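To start, the structure under review is shown below, and the notes come after it.
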Amino acid sequence: MKAGGRTPDGCSRGRGIPRGREWASGGKPSVYWDDGRSVSSSRGLSDKTPPIVRPEQGGISSEKVQDSNATEHSNHGADICPFDICTRDSTGPVKLNLSLLQVNREKRRERELTRNVPQHRYLRPGMILLKNFISHQNQVQIIKICRELGLGLGGFYRPGYRDGAKLHLQMMCLGKNWDPESRLYGDKRPFDGAVPPKIPEEFKKLVEGAIQACHDFLRQNSKSNKSVEDELPGMSPDICLVNFYSTSGRLGLHQDRDESKDSLHKGLPVVSFSLGDSAEFLYGAERDVDRAEKVVLESGDVLLFGGKSRLIFHGVPCVQVNTAPKLLIEETKLKPGRLNLTFRQY
């Protein structure tokens with residue numbers, strides 16, 4: 001297959017993307033884009049979104065991606081030009097709005113998914129997938145809130161390293177800042193002093209609801225007398241990493257192991273929201289792509305892994321192009337790609 005082509009399952013295939021075990025990440029996650037661009041069920045989310053406050057523009061334009069050793073001060077090459085995860089009506093080709101027939105068809109499709117798709121999937125001890133958990137209305141609100149926060153101070157930026165290398169994604173931290181190079185959490189971004197926005201209470205309620213849904217599922221299906229929290233502990237998120245990947249974005253196998261020793265020892269779960277285009281998600285006990293299990297994460301899915309699965313290796317080898325719900329794109333103007341929110345407790 002030629003570089004830059006498509007795989008039979010609709011995934012984009014980047015230029016120069018390693019195959020097999022060579023694709024697995026080393027010390028830090030590896031994200032690959034092949035286009036060279038800086039692309040850049042629960043209820044009750046409010047309609048309120050914070051005002052837009054634009055930060056100072058800056059950054060440099062190195063396009064390569066590489067690992068480097070952790071340093072005390074990093075992200076000197078970060079690109080902090082304001083990034084909008086949504087398209088604007090005044091830019092790009094003119095597209096006709098969905099017809100009433102198409103809108104009704106999309107709404108009917110969402111209802112059918114809610115009825116027909118198993119709402120809970122037990123993947124392994126401490127790891128549960130809630131299919132179609134986030135309602136359409138809540139997905140719209142999450143995207144709107146992330147857009148507004150992302151355009152403000154402490155919003156989306158393109159992470160970079162001291163030598164000018166950059167990760168090919170847009171990232172925003174909520175609650176605490178996470179530095180991709182030093183792999184440390186802090187109260188401010190080291191390169192501009194911006195304080196991460198707070199995690200919206202609406203997001204926290206969704207996380208709480210997802211954990212409760214998992215506990216209910218475990219109680220109904222467990223044959224053990226152990227407490228459900230022994231398998232999947234509860235947690236109160238004080239960290240949220242928001243990443244936006246283009247349709248050619250990839251994330252190498254890695255572990256989420258930068259939280260406190262106490263959090264990792266207790267197995268407090270990572271809770272991951274998926275919105276926009278679907279993505280293949282690999283996971284396993286080893287950093288071995290060939291042995292990893294695979295599941296597709298679709299818009300509205302919530303994945304939780306904690307307890308014995310807290311330190312699993314996981315990654316995203318493929319974003320499936322043009323798989324986002326049409327009605328969601330129509331209402332939010334979300335750019336092609338995947339919006340991913342991962343919540344943790346430090």
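Residues in the sequence shown are numbered consecutively from 1, following the UniProt record's numbering. Cβ atoms here follow ideal geometry from the backbone N, Cα and C, with glycine treated the same way. Since the model is a prediction, treat every value here as computed from it, not as a measurement.
Secondary structure of H120, DSSP reduced to three states: Strand.
Pairwise C-alpha distance: E280 and G337: In a straight line, the C-alpha of G337 is about 13 Å away from that of E280.
Exposure of V242, with buried meaning 16 or more beta-carbon neighbours within 10 Å: Flag for V242 reads buried.
Unbroken beta strand (DSSP E) run spanning L151, endpoints: For L151, no beta strand (DSSP E) run applies; the uninterrupted alpha helix (DSSP H) run containing it begins and ends at 136 to 151, by DSSP.
Residue environment, H265, which counts as buried when at least 16 other CB atoms sit within 10 Å: Looking at its Cβ environment, which holds fewer than 16 other Cβ atoms inside 10 Å, H265 is exposed.
Three-state secondary structure assigned by DSSP to K188: It is coil, neither helix nor strand.
Neighbour-count burial assignment, G193, 16 or more Cβ in a 10 Å radius: The residue is exposed, with fewer than 16 neighbouring Cβ atoms inside 10 Å.
Cα-Cα separation between R54 and D277, rounded to whole angstroms: With a pLDDT of only 39 at R54, under 50, the local geometry of the prediction cannot be trusted, and no value is derived from it.
Bridge partner(s) assigned by DSSP for A279: L297, V319.
CB contact flag (K226, P196, <8 Å): It is not a contact, given that the beta carbons lie outside the stated cut-off.
Contained alpha helix (DSSP H) runs [length at least 4] in the segment 196 to 276, N- to C-terminal order: Restricted to the segment 196 to 276, the alpha helix (DSSP H) segments that are unbroken, complete and at least 4 residues in length are 201 to 221, 228 to 231, 261 to 266, listed in chain order.
Reduced DSSP secondary structure (H/G/I, E/B, other) of D288: Three-state DSSP puts D288 in coil, outside helix and strand.
Residues sharing a beta bridge with I128, DSSP: In DSSP, I128 forms a bridge with Y122, L304.
Three-state class that DSSP yields for K333 in the structure shown: Coil.
Reduced DSSP category for residue 388 - H, G, I as helix; E, B as strand; rest coil: With the chain covering only 1 through 346, there is no way to say anything about residue 388.
Span separating the alpha-carbon of L151 from that of L334: One Cα belongs to L151, the other to L334, and the distance between them is close to 14 Å.
Collapsed DSSP secondary structure at L311 in the structure displayed: If DSSP states are grouped into helix, strand and coil, L311 belongs with coil.
N132 classed as buried or exposed, judged by whether at least 16 other C-beta atoms fall within 10 angstroms: Looking at its Cβ environment, which holds 16 or more other Cβ atoms inside 10 Å, N132 is buried.
N- and C-terminal bounds of the beta strand (DSSP E) containing D84: Counting along the chain, D84 falls outside any beta strand (DSSP E), and DSSP gives it neither H nor E.
Minimum C-alpha distance to residue 369 - residue among L153, P233, C81: In the structure as shown, the chain starts at 1 and stops at 346, and residue 369 therefore has no counterpart that could be examined.
Backbone CA spacing between A292 and A285 [nearest angstrom]: Rounded to whole angstroms, A292 and A285 show a C-alpha spacing of 8 Å.
Separation of S263 from D230, as counted between CA atoms: Spanning the two alpha carbons is a distance of roughly 14 Å.
Same chain, Cβ closer than 6 Å to F156, neighbours up to 5 away in sequence not counted: Excluding sequence neighbours, F156 sits near F83, G150, Q170, M172.
DSSP state of R183 mapped onto helix, strand, coil: Reduced to three states, the DSSP call for R183 is coil.
Continuous beta strand (DSSP E) stretch holding R158: start and end: Note, R158: premise wrong, no beta strand (DSSP E); not H, not E.
Span of the beta strand (DSSP E), counted from its first residue to its last, around F343: It spans 338 to 344 - the beta strand (DSSP E) in which F343 sits, taken as one unbroken run.
Proximity of I239 and R344 at Cβ, strictly below 8 Å: The answer is yes: Cβ separation under 8 Å.
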